[in-house]
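**Student:**
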Amino acid sequence: MKKISSIIKSVIIPVIALFFITSCKKTDYLNINAADRAPLVAHISFVNALNTNGGVQFWTYITQVTKTLVPLNGYTPYLDAQYGDVQINVTQGTNTSYIASREFGNSATFTATGGPNGPIATYYHTVFAIKNIKATADSLILFYDDLSAPTSGKAKVRFVNLAPGTPSVDFGITGQTNALFTNTAYGRAGGSVLSGSGLNAFSLGPFISVDAGTVSFNVLKTSDQSAIALVNDPLKNITLQAGKIYTIYINGTPNSTDASATIITHN
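In our numbering, the protein residues as written are 188 to 454.
1. Do you know offhand how far T426's Cα is from V402's?
2. Counting only the same chain and skipping the five closest in sequence on each side, list residues whose C-beta sits under 8 Å from that of F389.
3. Report the option in A324, Q279 and T247 whose CA atom is closest to the CA atom of F291.
4. Using beta-carbon positions only, say whether I249 and P306 come within less than 8 Å of one another.
5. Whose CA, out of V273, A268, T253 and Y270, lies closest to the CA of G280?
6. Pick helix, strand or coil for S390, following the three-state DSSP scheme.
7. Nearest by alpha-carbon distance to Y373: which of K318, D272, G430 and S339 is it?
8. So, at 7 Å on beta carbons, what are the nonlocal neighbours of K408 in its own chain, with the 5 sequence-adjacent residues on each side left out?
9. So, are the CB atoms of A342 and Q428 less than 8 Å apart?
10. Got a sec? Which residues, its chain only, sit under 6 Å from I195 by beta carbon, not counting five neighbours each side?
11. When the Cα atoms are used, what is the spatial distance from I450 to Y433?
12. From what residue to what residue does the beta strand (DSSP E) around I432 run?
13. Can you tell me where the beta strand (DSSP E) with T230 in it begins and where it stops?
14. I believe Y270 touches L227 by the beta-carbon criterion, under 8 Å. Please report the beta-carbon distance rounded to the nearest angstrom.
15. By Cβ distance, which residues of its chain are closer than 6 Å to G242, with the 5 residues on each side in sequence left out?
16. Using only the alpha-carbon positions, how far apart do T263 and T278 sit?
Following this line, the structure appears as structure tokens:
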């Protein structure tokens with residue numbers, strides 16, 4: 188009996204100790220001062236769509252988020268960044284003066300005049316540095332990224348018009364009668380919603396599902412369906428992979444109707 192008692196003790200004591208350690212760890216996690224708890228962050232991919240020479244850096248307030256220069260039409264992977272009411276700034280090269288700056292999160296509503304909502308903790312976003320319609324003013328624009336997987340055999344595509352010298356455009360697949368997105372004005376994503384009953388976090392930059400495979404996209408003026416002249420056109424014979432999520436954007440300069448196209452892969 189004595190031997191059995193010793194065996195039971197040798198089993199129970201470590202179990203109690205393990206329970207105690209586990210309990211302590213839970214208590215530490217719930218403690219708001221716990222040092223080992225990961226902070227909440229927003230996940231942001233930064234894109235340089237300024238159409239100017241030289242790479243740029245992105246900042247939240249005075250904290251530099253990017254560690255290497257983002258080249259023209261280059262983009263970063265999703266980086267951890269501040270969420271909520273955030274001022275995002277852009278510097279060029281090694282300069283420290285801002286060439287673009289915008290505060291996000293200073294409005295509770297999605298409206299054209301009320302100001303943009305800010306990054307959301309744990310969500311995924313894309314922030315573009317862009318040429319504004321006024322040639323002297325650069326700016327930024329933020330979209331919420333719905334990274335939920337497309338259905339089997341499909342890819343997801345979003346279109347953004349960042350070419351200030353172009354009119355509103357339609358974006359579609361060559362050979363198909365109906366465009367994927369219509370009447371997309373400068374500074375907007377195709378199918379975006381700024382107000383109304385259909386509003387949700389992803390309405391500012393919605394993706395749609397398309398069949399995977401090799402396709403060619405076209406960008407046409409909404410007014411007369413004539414083609415937009417793309418200086419750099421990677422939109423011919425693209426292979427869309429099943430399960431992948433893409434953003435395609437055009438950008439240019441305020442005083443020219445020419446534009447170039449870029450494809451971003453989100454996953």
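Beta carbons are placed, not taken as given, at the ideal position from N, Cα and C, and that holds for glycine.
The structure displayed is predicted, hence computed values, not measured ones.
**Tutor:** This is what the structure holds:
1. Using only the alpha carbons, I get a separation of about 6 Å.
2. Excluding positions up to five away in sequence, the list reads Y331, D332 and D333.
3. Checking every option, the nearest Cα to that of F291 belongs to T247.
4. No, they are not a contact pair.
5. Selected option, being the one with the closest Cα: T253.
6. Note: S390 maps to helix in three-state DSSP.
7. Check the Cα spacing between Y373 and each of K318, D272, G430 and S339: the tightest is with K318.
8. Closer than 7 Å at Cβ, skipping near neighbours: P354, V356 and I415.
9. The criterion of a C-beta distance shorter than 8 Å is satisfied by A342 and Q428.
10. For I195, the pLDDT reaches just 40, beneath the cut-off of 50, and the residue's location in the model is therefore unreliable, although a value from the coordinates is still provided. Result list for I195: empty, nothing under 6 Å.
11. Roughly 7 Å separates the two Cα atoms.
12. Here the beta strand (DSSP E) through I432 covers I432 to N438.
13. In the sequence under discussion, the amino acid at residue 230 is His, which differs from the Thr named in the question. From DSSP, the beta strand (DSSP E) with H230 extends over A229 to A236.
14. Right, the Cβ-Cβ distance comes to about 7 Å (below 8 Å), so this counts as a contact.
15. The answer, listed in chain order, is L256, V257 and P258.
16. Going by the C-alpha atoms only, they are around 15 Å apart.
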